[in-house]
Structures are given as C-alpha cells and as structure tokens.
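Under this note's numbering, residues 365 to 600 are what the sequence shown spells out, in order. Yeah, the Cβ is synthetic: ideal placement off N, Cα and C, and Gly gets one too.
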Amino acid sequence: MIRLITLDAFNTLLTVRGSVGQIYSKTAKQHGLCINPMLLDSQYKKIYKNYYKKYPNFGVQNNISTQCFWHKIVHTTFKNSGCEDDDLISNIASSLYQDFRLPENWQLFDDVHPVLDLLKNTGYKLGVVSNFDERLPAILQGLDVLKYFSFVLCSTEVKVAKPSPKIFQLALQHGEVKAYQALHVGDSVVKDYNAAKAIGMKAYVIDRFFNFTLEDNSVVDPNHVITSLKPLHVLH
Numbered sequence: 365m366i367r368l369i370t371l372d373a374f375n376t377l378l379t380v381r382g383s384v385g386q387i388y389s390k391t392a393k394q395h396g397l398c399i400n401p402m403l404l405d406s407q408y409k410k411i412y413k414n415y416y417k418k419y420p421n422f423g424v425q426n427n428i429s430t431q432c433f434w435h436k437i438v439h440t441t442f443k444n445s446g447c448e449d450d451d452l453i454s455n456i457a458s459s460l461y462q463d464f465r466l467p468e469n470w471q472l473f474d475d476v477h478p479v480l481d482l483l484k485n486t487g488y489k490l491g492v493v494s495n496f497d498e499r500l501p502a503i504l505q506g507l508d509v510l511k512y513f514s515f516v517l518c519s520t521e522v523k524v525a526k527p528s529p530k531i532f533q534l535a536l537q538h539g540e541v542k543a544y545q546a547l548h549v550g551d552s553v554v555k556d557y558n559a560a561k562a563i564g565m566k567a568y569v570i571d572r573f574f575n576f577t578l579e580d581n582s583v584v585d586p587n588h589v590i591t592s593l594k595p596l597h598v599l600h
C-alpha cells in the first residue's frame, strides 16, 4: 500500500512562465539593454547544459554557491548574445537571481492543485525530491502549494542530486516509510524513474509535453508513462 508520494518539481509540478530567454530579456531591458529573447533562450539552453556538467548540482560539488553558478550562466549567455559590458551583465545577473525566486516567473500545471489537494485529503504524505536550488521552497510557497508537502528535498540543500539513491533514501526517512510504500513521479527516466525503482520504490515518468524518449537504453513499462498527475487520482 502506497503511503508516500514524492514528486519532482521542474516539468512535473511547475515550469518557467514563458521562457528563460523572455525573462532574461525583460530583466535586461529594465537595466537599459535590449536583446532578442529568442537569441538569449537559444544560448541559455546550450550553456546551462554545459555548465551543469562542469559544475554538477548547481556548483555544490565544486564548492561554489548556487548564486555564483547562475551568475556564470547569465554572464556567458549574455556574452555569447553580443553584450560586452561585464558590469552591466553582473547587475542583470544579480537581478535575475532574485527574479527567479518570484512566483510570477513560474507557473503550475493545471492539474497540480486539484490532484495534490485530493491526495493530501485522502491521507497520503507528500514530498518533493528535486534537483533544484534553495529557492524552491519560496517558489512553492508563492505558488500556494508548499502547504501540501511534508518535506522538500532540494539537491543543493541536501548536497546530493538525483539519480543518487541517497536523496531517495532521505525521502523515505522523512516520510517514515519503506521503499515499497512509496511512489515517485518525475520527468526523467534516468534521474527519476530508474533511480527510484532501483531502491525499491514504485515510479511513474511524466511526459508533460508529449515528447517522451528513452534515455541510455532504459526500459520503461508503458503503463508507467503518464502525461499529467490525474492518474494519481486512482490511488485513492
């Protein structure tokens, strides 16, 4: 019997409102710099991927702060988009770090509130297990969903990131359950589905954007691929 349900955050519960490039461009404009949001978005996607490989878990493993990690990404994104003013980019980066703490730059998927409300009222313990930085609880609070969760495990705060089994074991400890009594839902086959199942949890992959692809020759039961949280209704 399932007693604990843990959920990933990004692309499971929430996503950026608009695009990262649009938010970067809007903040830059407030600093007097006009720059194409599509160009910024394109550069950001490439740079984030490379920097996360170089500085895993938002810099935690390299002993740099998450703010420093994001400043590096913003700096390189704007440099590669044609801005050469280092002081201006530094000011924009500082503003963006605060801007991405604000709920208006994030949006919940439509099914999140009703499903979490049902699960909570049915008696399930809920938690968040996410590769995210320390701003996540404030974001969830601003979006009025923090109240549903008994705990939020941000990878930067617990110093370990998915797919490490350690973060899922921490979730089981917080939930006070055995692995077979827990279900995890997330959008990554490797970091969420495989990692949770490897320690004995049940798991679903959520495919919000209908672009599901297998990673690293993984095998996923088709019945474990969902496109919203609504199938969790049947758990009650």
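Check, Outcome
"Nonlocal neighbours in the same chain, by C-beta distance under 6 Å from Pro527, ignoring five residues either side", "Val554, Lys555 and Ala559"
"Cutoff 6 Å; reference Leu547; Cβ partners in own chain excluding five residues on either side", "Ile366, Ile369 and Lys566"
"Distance, Val479 Cα to Tyr416 Cα", "32 Å"
"Tyr412 versus Ser445: straight-line alpha-carbon distance, rounded", "14 Å"
"Residue interval of the alpha helix (DSSP H) (run including Ala457)", "Asp450 to Asp463"
"C-beta atoms of Cys518 and Ser494 nearer than 8 Å", "yes"
"Check whether Val384 and Tyr408 have beta carbons under 8 Å apart", "yes"
"Lys406 versus Ile437, Lys523 and Lys530, residue with shortest Cα-Cα distance", "The residue you asked about is not Lys; residue 406 is Ser in the sequence shown. For Ser406, the nearest C-alpha among the options comes from Ile437."
"Distance between beta carbons of Trp470 and Arg381, contact taken as under 8 Å", "6 Å"
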